[in-house]
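Residue numbers (our numbering), protein chains in the order written: chain A, 1 to 238; chain B, 1 to 238.
Number of protein chains: 2
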Amino acid sequence: MRSCWQSMEGVHNTDCFSEENLSKLKEIMYDHKVSAGSYLFWEGDSADKLYFMNQGRVKITKTSDEGKSFILYMYGQGDLFGQLDPFQQSVHNFNAEVMEDSSIGIIQQRDLETLLWQHGDLAIEFMKWMGLMHRMTQTKFRDLMMFGKPGALCSTLIRLSNSYGVRQDNQIFITKKLTNSELADMIGATRESVNRMLSDLKKLNVISMENNNIVIENIDYLRNICQCENCPKDMCRI
Amino acid sequence: MRSCWQSMEGVHNTDCFSEENLSKLKEIMYDHKVSAGSYLFWEGDSADKLYFMNQGRVKITKTSDEGKSFILYMYGQGDLFGQLDPFQQSVHNFNAEVMEDSSIGIIQQRDLETLLWQHGDLAIEFMKWMGLMHRMTQTKFRDLMMFGKPGALCSTLIRLSNSYGVRQDNQIFITKKLTNSELADMIGATRESVNRMLSDLKKLNVISMENNNIVIENIDYLRNICQCENCPKDMCRI
DNA sequence: GAAGCGATGTGATAAAAATCACGCCGGCGG
DNA sequence: CCGCCGGCGTGATTTTTATCACATCGCTTC
Chain A
1 MRSCWQSMEG VHNTDCFSEE NLSKLKEIMY DHKVSAGSYL FWEGDSADKL
51 YFMNQGRVKI TKTSDEGKSF ILYMYGQGDL FGQLDPFQQS VHNFNAEVME
101 DSSIGIIQQR DLETLLWQHG DLAIEFMKWM GLMHRMTQTK FRDLMMFGKP
151 GALCSTLIRL SNSYGVRQDN QIFITKKLTN SELADMIGAT RESVNRMLSD
201 LKKLNVISME NNNIVIENID YLRNICQCEN CPKDMCRI
Chain B
1 MRSCWQSMEG VHNTDCFSEE NLSKLKEIMY DHKVSAGSYL FWEGDSADKL
51 YFMNQGRVKI TKTSDEGKSF ILYMYGQGDL FGQLDPFQQS VHNFNAEVME
101 DSSIGIIQQR DLETLLWQHG DLAIEFMKWM GLMHRMTQTK FRDLMMFGKP
151 GALCSTLIRL SNSYGVRQDN QIFITKKLTN SELADMIGAT RESVNRMLSD
201 LKKLNVISME NNNIVIENID YLRNICQCEN CPKDMCRI
């Protein structure tokens with residue numbers, strides 16, 4: 001029962017899997033509890049696992065020599081991720097930092113490979129999923145490169161609304177708190193710049209704050225800034 | 001016979017395929033000649049083909065409302081590309097513009113799907129390839145976001161050297177001519193900025209020009225600027 | 001060989017974004 | 001209740017990058 005709060009979730013990055021195949025994947029998972037601040041993997045670690053978020057939040061990051069960090073993705077409940085190359089021994093290029101105490105299902109590469117060999121239709125859905133994730137990366141790349149920092153921020157707010165938004169009337173509540181520094185690291189800007197851009201958006205009544213959560217009041221304004229093309233919601237994510 | 005010119009090519013984005021499987025793919029291709037300036041597909045077109053470059057060059061681009069354009073990829077001989085989601089009806093987010101008269105093998109989605117169903121090992125190699133392409137996008141994304149425009153340019157020069165470089169002694173000749181505007185569109189900068197950055201690199205003897213081709217004289221300098229981690233060459237491409 | 005054209009080179013200036021330097025607020029632990 | 005700390009807000013300044021405005025160069029074309 002949803003009452004007046006209609007969640008925009010239910011859109012996950014695993015929507016390309018059938019119920020049946022998703023549960024096949026779940027059968028080969030081993031559940032782990034991991035606590036905020038720990039790391040699932042570090043760059044350089046061998047990439048031989050997939051991760052499924054039952055609960056919690058994880059960010060995929062990269063840190064430069066000077067200590068600046070960049071958040072490539074943020075994953076929440078229902079998301080599947082990992083450096084995704086089945087049948088390949090490769091190495092992580094990014095870090096996976098646990099942001100909140102989380103419950104995560106871990107799939108071993110060899111178990112996945114066995115399953116993919118056994119079930120052709122799962123293999124096909126897996127390819128769909130890989131393709132979807134790649135397109136997500138590509139469209140984010142475009143948004144962050146082409147429209148300046150304001151465009152990058154607006155794109156990120158729209159993506160947050162698809163990943164974590166709950167709609168009420170014409171407002172969208174972003175149900176995860178994010179610091180300005182985190183937002184900055186998601187778009188390759190500084191905390192101060194993000195702060196000023198958010199202030200401007202507040203002045204224009206494009207967004208507002210409700211006990212430290214961002215509320216989107218005018219998503220069309222955001223869409224306009226980053227020339228949003230209304231991509232499918234399972235692709236336009238954080 | 002290579003004599004003193006040792007090509008760095010032979011590294012292609014299809015290296016994850018076995019000879020046998022690559023020739024299976026070639027069997028279902030239909031060869032087309034396309035001329036410079038034409039488009040293989042436009043954003044919005046349905047994405048139901050794969051393309052294999054026999055000869056020539058294609059760039060994948062996006063144009064903003066104000067007319068600025070961004071080059072996401074450039075593909076040359078031996079490269080396979082396309083919006084890559086088998087078993088999915090999706091739509092292109094980018095344009096594919098033919099840069100030189102080209103000979104391109106086109107694979108229809110349904111032919112690919114049949115082949116993938118028939119040959120499990122090809123499906124597996126196809127997944128490897130998809131994963132490799134995604135990692136290429138991710139690492140480029142990182143390079144272009146984290147190290148300023150000079151870092152983005154240096155990363156691009158390194159990637160060009162992996163895609164089109166020929167090594168002689170300590171020099172690497174980039175065998176494709178690129179205008180400063182093209183370089184600019186690859187890194188989200190302006191022609192003038194690229195021009196000034198290239199001038200600086202020339203003054204430092206990091207690069208030189210040999211009849212309008214870039215020659216890399218000191219790749220370590222470039223690596224340092226973009227904190228290059230010496231990723232596998234089949235991943236670190238344009 | 002003059003005109004036209006696309007590409008390069010470069011100064012001057014403007015805009016965008018980062019950096020530096022604080023003050024402030026709210027929660028938390030002693 | 002006080003001190004501390006992490007996060008926020010905001011001016012002033014600097015750095016980075018884009019914009020504008022031309023000059024030049026090499027090539028093609030008539």
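Glycine is no exception: its CB is placed at the ideal position from the N, C-alpha and C atoms.
Rounded to the nearest whole angstrom, the CA to CA distance from A:Gly82 to B:Thr114 is 28 Å.
Here DSSP, grouped into helix, strand and coil, assigns B:Gly188 to coil. According to the DSSP secondary-structure assignment, A:Arg57 is paired through a beta bridge with A:Gly76, A:Glu100. Scanning B:Glu97, B:Thr139, B:Ile219 for the CA closest to the CA of B:Cys154 turns up B:Ile219. A:Ala36 is classed as exposed because its beta carbon has fewer than 16 other beta carbons within 10 Å across all chains shown. Under DSSP, B:Gln171 forms a beta bridge with B:Gln168. Cβ neighbours of A:Lys59 within its own chain (closer than 6 Å, five residues either side excluded): Ile71, Met74, Glu97, Met99.
Annotation: Cβ neighbours of B:Gly188 in chain A (cutoff 7 Å, chain order): Met145, Met146. Per DSSP, B:Ser155 has no beta-bridge partner at all. Taking a C-beta distance under 8 Å as the contact criterion, B:Ile207 and B:Ile216 qualify as a contact pair. For A:Gly105, DSSP records a beta bridge to A:Asp31, A:Phe52. When B:Ile158, B:Leu160, B:Ile124 are compared, the shortest CA-CA separation from B:Leu22 is found for B:Ile124.
Taking the beta carbon of B:Leu72 as reference, the chain A residues within 8 Å of it are Gln138, Phe141, Arg142, listed in sequence order. When the five nearest sequence neighbours on each side are left out, the beta carbons in the same chain lying within less than 7 Å of the beta carbon of A:Arg135 are those of Met235, in order along the chain. For A:Met209, the enclosing beta strand (DSSP E) stretches over residues 207 to 210.
For A:Met197, the CB contacts under 6 Å within the same chain, skipping 5 residues up- and downstream, are Pro150, Leu153 in chain order.
Around the CB of A:Gly76, 16 or more other CB atoms lie within 10 Å, so the residue is classed as buried.
Of the candidates B:Ser46, B:Leu40, B:Lys49, B:Leu40 places its Cα closest to the Cα of B:Gly56. Close to chain B, meaning a Cβ-Cβ distance shorter than 8 Å, are the following residues of the stretch 54 to 67 of chain A: Lys62, Ser64, Asp65. Shown here for A:Trp129: same chain residues with a beta carbon closer than 8 Å to its own, the five before and five after excluded, namely Asn13, Thr14, Cys16, Phe17, Leu80 in chain order. DSSP, reduced to helix, strand and coil, places B:Lys176 outside both helices and strands of the structure shown, so it counts as coil.
Classified as exposed, B:Tyr30 has fewer than 16 neighbouring CB atoms from the shown chains inside 10 Å of its CB. Here B:Met209 is exposed: its Cβ has fewer than 16 other Cβ atoms, across all protein chains shown, within 10 Å. In the same chain as A:Tyr164, and ignoring 5 residues on each side of it, the C-beta atoms closer than 6 Å to its own belong to Ile174, Thr175, Lys176, in chain order. Annotated three-state conformation of A:Thr63 is strand, per DSSP.
In the structure shown, B:Val194 falls within a helical segment according to DSSP collapsed to helix, strand and coil.
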